[in-house]
Amino acid sequence: MKSKAVPSSDSGDRARTRNIAIVGCGQIADAHLQELSKISGVTTVATCDAHLDLAMQAAKRFAVPRYYDDVSTMLRVERPDIVHIATPAQTHMPLARHCMEAGAHVYIEKPLALDAAEVREILSASQSLGRKVCVGHDQLYDPAWLALKGAFAISLPMPLTAPVHDPKALLPWIVNLLPEGPTPLRALQGAPKAQTAREFRELSAHPSVGNRGVELGTQVGS
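Under numbering that gives the first Met the number 0, residue 221 is the last one in the sequence shown; the count climbs by one each step, no gaps.
Okay, here's the thing in structure tokens:
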């Protein structure tokens, strides 16, 4: 596999700095790289993608010194403290295990894995290897979610209506929420039952959207 190293004057003092690498350089990678650039005490040392041109472009946009198209090479050369995994969901489990076996903690984009069995595999590797796993359900601590959580004392099943003048305005919100799965609703509503992505899609197409918005929670059952 090809890799490209660009000389850097950064000393990468691991006593003071956490070295970060990102695997997967699609659209969401820019959000990761932008936020990482704002955090003191971390240095993004490498980008990695199966398509080298994507890794190169991301590296150049955010002044990351090196880029790769092979995860094993990147892990061996860079020895990152933390790897952000921003690849398709079906790759999360094997990549997370590979990175943890190389000594890195992992931050995994949502969804964490394809199913419960893969989640257990990730957590088992985390425990046996002594590495930390963080899943990117960042909305749970967004000020808007915290405000809603404090404002509503509700439990499922019950409707939570979001009235809008233009139903189409809801679609970006719904699309952004779908990968979060049931976690935000659990946090907001404090209930053990989950609203599924399929139910969200069904709700978004429901005739009631045209009149008074999407009623979240109306399809929750046993």
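Idealized CB from N, CA, C, for every residue including glycine.
Per DSSP, reduced to three states, the secondary structure at HIS104 is strand. Below 8 angstroms, enough C-beta pairs join the region 15-30 and the region 73-85 to call them touching: three or more.
The region 134-144 makes no contact with the region 50-60; the number of CB pairs closer than 8 angstroms stays below 3.
Nearest neighbour of THR43 by Cα position, chosen from ALA101, GLU77, SER71, GLN26, turns out to be GLU77. Using a Cβ distance threshold of 7 angstroms, THR46 and VAL63 count as a contacting pair.
The beta carbon of MET99 lies closer than 7 angstroms to those of VAL105, ALA124, SER125, LEU128, ARG130 in the same chain, with the five residues before and after it left out. Taking C-alpha positions only, ARG75 is separated from GLY102 by approximately 10 angstroms. With a cutoff of 7 angstroms on beta-carbon distance, ALA58 and TYR67 are scored as not near each other.
Comparing alpha-carbon positions, the option among THR16, GLU108, VAL132 lying closest to GLY25 turns out to be GLU108. The DSSP-derived three-state label of HIS83 is strand. Judged by their CB atoms, LEU111 and VAL134 are nearer to each other than the 7 angstroms cut-off. A direct Cα-to-Cα measurement between THR72 and TRP144 gives close to 40 angstroms. When C-alpha distances from SER39 are compared across ALA95, MET55, ARG60, THR16, the shortest belongs to THR16. Sequence-distant partners of HIS31 (beyond 5 residues in either direction) whose C-beta falls short of 7 angstroms from its own C-beta, in its chain, are ILE21, HIS83, ALA85. The shortest CA-to-CA distance from GLU117 to any of MET92, ILE27, ARG96, VAL132 is the one to MET92. Runs of beta strand (DSSP E) with 3 or more residues, each lying fully within the region 42-77, are found at 65-67, listed in chain order. Spatial neighbours of LEU94 in its own chain (CB-CB distance under 7 angstroms, excluding positions within 5 residues in sequence) are listed in chain order as VAL22, VAL70, ILE84, THR86. If you look at ARG119, you'll find it in the alpha helix (DSSP H) that goes 115-128.
Checking the DSSP bridge columns, you'll see ILE21 partnered with THR46, HIS83. Straight-line measurement puts the Cα of PRO142 at about 34 angstroms from the Cα of HIS97.
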